[in-house]
Every structure is written in C-alpha cells, then in structure tokens.
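In what follows, a single structure is set out as structure tokens and then discussed.
Residue numbers (the working numbering), protein chains in the order written: chain R, 4 to 302; chain H, 4 to 302.
Dropping the structure here:
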C-alpha cells in the first residue's frame with residue numbers, strides 16, 4: 004500500500020491542504036482563505052478526515068507563516084508567536100492536529116519547508132548544502148547544511164542582513180521598520196513600490212529599478228556565499244517572477260566575489276548556481292508534504 | 004589503555020605538534036618555524052615517531068593554514084592550494100603523514116579545527132550551533148550547524164562578507180586586494196594599522212579606533228546572526244586581545260539587530276552570547292587533536 008502524507012501550507016492569506024504520496028501522486032488538494040484560527044484549523048481537519056478517513060495516512064506536515072516557536076523543549080513549541088495578523092498571535096498550530104489525527108507531525112516555517120521540498124523533488128536534488136531565498140512582500144531564507152535545515156537559536160532571518168547601501172546612487176531610506184535599509188528594507192516588493200512610486204509588476208523589464216534590485220540581491224548573495232558556502236542558491240518569490248533579474252544578479256554576484264571563491268560552480272557555471280525553484284506554485288504545500296515525510300522517517 | 008592522538012597545527016609561520024589524550028592529558032608538544040614543505044613535514048613525522056613509537060596512537064589531525072582542498076572526491080584532496088607562501092602552493096599535506104603512520108587522519112582549516120576544539124573543551128561545549136571568528140592578520144570564520152562543521156561548496160570565507168561602510172564617517176578605502184572594503188578589508192589588524200598609521204597594539208584602549216572597529220565587527224556579527232542563527236559567537240585572534248572591544252561589540256550588535264531576533268540570549272544575556280575562546284594559545288593544536296578524535300570516531 005502506498006504511504007500517504009498530509010500537508011498544510013498555512014499562509015497569512017490562504018491555507019492549502021494536500022494529501023499525496025509525492026508530487027507525482029497527488030490525491031487531493033483544497034485551498035481556502037485564512038479566517039480566524041479556530042475556524043481555519045477546523046476546515047483543514049475536516050478536509051483530511053473526509054479525504055482519507057484517517058486510513059493509510061502516515062504523517063502530517065505543517066508549513067506555516069511566522070514567527071514560530073520551533074524549540075521542542077519549550078512549553079509553547081508549535082505556536083505562532085508575535086505575528087501582527089489579527090487573532091493569530093500565540094496560536095497553537097500543532098496541538099489541534101495532533102489531537103485530531105495522532106500522527107507524527109512535522110512543523111516548520113514556510114520557507115524551510117519549501118527548501119526541503121526543493122531538496123527532495125526540485126532544484127536542490129542531490130545537494131548537501133544550499134540556500135533558498137524568497138523575495139516578495141518580505142525576504143525569507145532557508146539554509147540546508149550537511150543535509151539538515153539550519154535552525155540554531157531560533158531560525159535564520161536572512162532578509163535582515165545588513166549590506167552596503169550607496170546613498171548617492173540610491174537615497175531611498177528603506178522600508179524595514181526595524182533596520183530601515185537592511186536587505187529586506189531595500190529589496191522587497193514594497194521597497195520597490197515605495198522607491199519608484201509604482202508596483203514592480205507595472206515597471207518595464209528595462210527599467211533601472213531592476214538593475215538596482217539585482218545589485219542589492221547580489222550583495223546579499225555574496226554574504227550567503229562567504230558565510231555558508233552553498234552548492235547552489237535558489238531564488239523564489241514574487242519579485243523573482245521578473246525573470247530579467249536572474250542574468251543581472253548572476254553577473255553582479257561574480258563581480259562582488261571578484262574571483263575570490265575559486266569554484267567552477269561560481270566562476271564558470273553560474274547559470275546553474277543561481278536558479279529559480281522547480282516546484283512553482285505548489286512549492287509551499289509540497290514542502291509541507293516533505294515535512295510530513297521527514298516526520299515519518301524520524302518517528 | 005588511554006587512547007592517544009596526534010595533532011598538528013600547520014601554520015604559515017610555525018608548526019605546533021602535540022601528542023595528547025585530551026587537553027588535561029598532554030604527553031608531548033613541540034613547535035618549530037615553518038621552513039620548506041619537505042623539511043617541515045619531516046620534522047613533524049620524526050617528532051611523532053620519537054614520542055610514541057607508533058604504539059597506542061589512535062588517529063592524527065592536521066589543522067592547516069589555507070586555502071585547502073577539502074573535497075574528498077578530488078584527486079588533490081588534502082592539498083594546500085593557491086597560497087602565496089613561497090614553496091607551499093600545491094603541497095600535499097595529507098599523504099606524507101598517511102604513508103608514515105597509516106592512521107585515520109582528520110584534515111581541515113585551522114579555524115574549523117579551532118572551532119571543533121572549542122566545541123569539545125572550550126566556550127562552545129553543549130552547543131549545536133555556533134560561530135567562531137578569528138580577527139587578526141586576516142578574518143577567518145567557522146560555523147557549526149546541527150553539531151557539524153559547515154564546508155559546503157568549499158569552506159566559508161566569512162571575512163569577505165560585504166557590510167555597510169559609511170565613507171563620511173570612515174573614508175579609509177579598505178585593504179582587501181579583492182573587495183577593498185569587505186569586513187576583512189576594514190577590520191583586520193593591517194586595516195587598523197593602515198587607517199591610523201599605527202599598529203593597534205600601540206593605540207590606547209580609549210582611542211576612537213576601537214569604537215570604529217567594534218562597529219564593523221558588530222555589523223559582521225549581525226549578518227552571522229541573521230543568516231546562521233547561532234547559539235553563541237566566539238571571537239578570537241590578535242585583534243580581540245583588545246578586551247575593551249567586547250562590551251563595545253555587544254552593545255553595537257544589540258543596536259544593529261534592534262530587537263528583531265526575540266531571543267533571551269541576545270536581548271538579556273549578551274555577555275554570554277559574544278565571548279572569547281577558552282583554549283587560548285593552544286586552541287590551534289588542540290583543534291588538531293579534536294580533528295584526530297573525529298577521524299577516529301568515523302573510521
């Protein structure tokens with residue numbers, strides 16, 4: 004009998020639930036808007052109960068927006084913590100599903116789960132060390148090192164790294180409420196919109212906004228390369244739907260590193276070093292399926 | 004019978020060789036200047052042969068200056084690669100010792116080995132995720148994630164991360180031949196000497212050099228925190244002998260993060276979060292002993 008897994012992409016705007024063995028064997032999917040916690044969680048539970056009658060379901064994975072408490076020794080492990088989303092702060096995401104299904108359950112951030120999905124079925128197959136960066140409304144990052152996700156003290160917050168900002172070239176002060184001109188403050192979708200007075204999707208591909216955007220992203224990537232030495236970097240998120248960014252970023256990253264990291268992958272094969280994700284619009288919920296598989300494996 | 008390990012700290016200026024069970028049971032140590040490769044390696048081999056007659060020696064560890072080829076699938080694994088040190092480029096460091104002793108042999112960068120030593124016996128005991136940064140003639144960094152050293156594509160080169168550089172406050176252009184004003188270009192001992200026209204060790208503790216130095220280091224640490232989420236950061240190297248830097252760096256790091264990372268360790272216990280190494284002047288060769296123990300464990 005095929006092992007089936009349940010995955011939940013718990014987003015701030017919508018939830019996606021899936022029952023699947025793997026991306027080539029998807030049995031059911033549903034999506035619904037994120038309302039209040041109790042109601043939203045109940046909808047997800049009902050979907051799984053109807054779809055599988057709890058038979059043959061091997062494990063569950065929850066990939067959630069954050070910030071999350073991922074510390075298994077903490078009494079509030081499995082909680083959404085300080086989110087500004089009304090009604091959702093201090094929500095226990097894990098317990099209702101454990102009570103409903105009593106299954107091994109994986110729980111992690113949306114970007115960590117998406118990285119795991121890319122490792123299993125996408126752009127990071129066969130790699131032990133890589134970074135997955137999503138650039139959209141915010142900038143989130145996941146790192147896999149020696150085949151395991153980086154969590155550490157809490158979890159990475161790569162969007163908030165500090166990079167050079169040439170105020171003569173770009174006097175825009177940045178939009179991050181904490182750090183003004185950290186990477187997230189300079190390079191998210193909202194930063195582009197605030198700087199140019201127009202949403203990025205309305206700017207033509209040859210607009211100077213994209214060269215500047217590529218500059219900032221490539222500064223961030225130089226820091227990821229020097230600190231984590233990844234074998235590949237995957238760039239996803241809404242901003243990266245602007246495909247003209249990829250060649251600009253690759254060139255600027257090589258310039259930033261200036262030949263210092265003597266790796267063929269960077270010097271000669273940069274087109275395969277900086278890549279888009281492969282799982283596309285299902286990356287989030289397939290990441291949750293990957294979390295479920297991990298949970299089953301370690302249970 | 005006590006298991007004994009051989010360790011070599013292979014530096015560009017001197018080599019240190021040690022036979023020990025652990026830091027509390029050191030049987031023999033020697034140090035000699037680094038001359039030509041053949042002669043230097045032979046001295047180390049002779050020392051170990053005389054000290055232990057190859058009996059009871061469980062494994063060997065080599066902690067070397069770099070850059071090194073650490074890719075075990077490469078035909079030149081175990082080589083020093085492009086070092087500017089005359090005579091040492093393309094030196095096979097591993098093979099002569101394997102031929103002489105036929106023992107499990109650990110091989111890694113000096114800073115990776117030192118981090119391993121701090122994990123076993125020093126300032127990182129009991130931690131799964133930490134960073135060890137040495138700030139001296141250069142800036143080297145090692146990261147441990149989920150109890151394993153980060154290697155990835157090559158190995159980290161944290162000194163070369165790119166950080167904000169306020170040219171109005173500090174017009175000094177930086178000394179890195181590759182990146183000018185990367186962290187290493189702005190904050191090493193040679194950068195301090197070039198900026199102020201005086202070696203750091205001759206500047207008084209209240210000289211403005213140290214506030215600026217703390218600023219740059221704390222910018223680098225903010226990036227290490229946001230990218231790696233370490234449970235602790237150890238700061239060693241000659242520049243960090245200026246102990247007045249520690250409180251300045253701690254304060255500036257908290258300011259840089261601006262409360263964004265909600266961890267008690269950073270918000271309330273920063274004195275235990277940013278610390279000096281514990282193994283002191285023997286950190287290098289004890290790191291090599293730690294490499295030997297790893298090699299024995301995985302053999």
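Just so it is clear, CB atoms sit at the ideal spot from N, CA and C, and this is done for glycine as well.
Chain H contact for residue 263(R) (CB, 8 Å cutoff): yes
Validate contact between the segment 216-226 of chain H and the segment 164-180 of chain R using beta carbons, cut 8 Å, 3 pairs: yes
Inter-residue CB distance, residue 62(R) and residue 109(R) (contact presumed, cutoff 8 Å): 7 Å
Coarse secondary structure for residue 124(H), derived from DSSP in three states: helix
Cβ of residue 234(R) within 8 Å of any chain H Cβ: yes
Chain-ordered neighbours of residue 95(R) on chain H, where CB pairs are closer than 8 Å: Within chain H, no residue comes near residue 95(R); the closest Cβ sits about 18 Å away, beyond 8 Å.
C-beta atoms of residue 92(H) and residue 13(H) nearer than 8 Å: no
Coil, strand or helix - residue 95(H) by DSSP: strand
Boundaries of the beta strand (DSSP E) in which residue 272(H) is found, first to last residue: No beta strand (DSSP E) contains residue 272(H), which DSSP labels as neither H nor E.
Residue closest to residue 24(R), alpha-carbon to alpha-carbon, out of 276(R), 5(R) and 227(R): 5(R)
Span separating the alpha-carbon of residue 299(H) from that of residue 33(H): 23 Å
Where the segment 154-170 of chain R meets chain H: residues whose CB sits under 7 Å from a CB there: The residues in question are 154, 155, 156, 157, 158, 159, 160, 161, 163, 164, 165, 166, 167 and 168.
Contained alpha helix (DSSP H) runs [length at least 4] in the segment 101-164 of chain H, N- to C-terminal order: 113-124
Chain-ordered chain H contacts of residue 231(R) [CB-CB under 8 Å]: 146, 153, 155, 159, 230 and 231
Residue 12(R): first and last residue of the uninterrupted beta strand (DSSP E) it sits in: 7-13
8 Å Cβ cutoff met for residue 119(H) and residue 293(H): A contact, by the Cβ cut-off of 8 Å.
Validate contact between the segment 196-211 of chain R and the segment 123-130 of chain R using beta carbons, cut 8 Å, 3 pairs: no
Stretch-stretch touch, CB-based, cutoff 8 Å, three pairs: the segment 226-244 of chain H with the segment 279-291 of chain H: yes
Residue 182(H): contacting residues in chain R (beta-carbon distance under 9 Å): 225, 259, 260, 261 and 263
Alpha-carbon to alpha-carbon, residue 273(R) and residue 251(R): As the crow flies, the alpha-carbon of residue 251(R) is around 11 Å from that of residue 273(R).
Straight-line gap, residue 59(R) to residue 51(R) (C-alpha atoms, nearest Å): 12 Å
Rounded Cβ spacing between residue 227(R) and residue 134(R) (contact assumed at less than 8 Å): Residue 134(R) and residue 227(R) do touch by the CB rule: their CB atoms are close to 5 Å apart, below 8 Å.
Closest by C-alpha distance to residue 179(H), when choosing among 115(H), 198(H) and 79(H): Shortest Cα-Cα distance from residue 179(H) to any of 115(H), 198(H) and 79(H) involves 198(H).
Beta carbon of residue 215(R) nearer than 8 Å to that of residue 173(R): yes
Among 287(H), 74(H) and 295(H), the one whose alpha carbon lies nearest that of residue 114(H): 287(H)
Nearest candidate by alpha-carbon position, reference residue 192(H), set 182(H), 177(H) and 181(H): With respect to the C-alpha of residue 192(H), the residue from 182(H), 177(H) and 181(H) having the closest C-alpha is 177(H).
Option in 266(H), 159(H), 149(H) and 38(H) with minimal Cα separation from residue 88(H): 38(H)
Interface flag, residue 117(R) vs chain H, CB-CB below 8 Å: no
Exposed unless 16 or more other CB atoms sit within 10 angstroms - verdict on residue 229(H): buried
Short Cβ contact (8 Å threshold) for residue 121(R) with residue 237(R): yes
Endpoints, the beta strand (DSSP E) within which residue 24(H) is located: 17-25
Cβ separation of residue 70(R) and residue 84(R), assumed to be a contact under 8 Å, to the nearest whole Å: 5 Å between Cβ atoms; contact.
C-alpha distance - residue 44(R) paired with residue 268(H), whole-angstrom precision: 33 Å
Contact set between residue 149(R) and chain H, taken where Cβ atoms lie within less than 9 Å: 148, 149, 151, 152, 153, 154 and 155
beta-carbon residue 274(R) near the ligand GTP non-hydrogen atom, thresh 7 Å: With respect to small molecules bound, the structure shown includes none, and the ligand GTP cannot be examined in it.
Rounded straight-line distance, which links the Cα of residue 205(R) to that of residue 117(R): 28 Å
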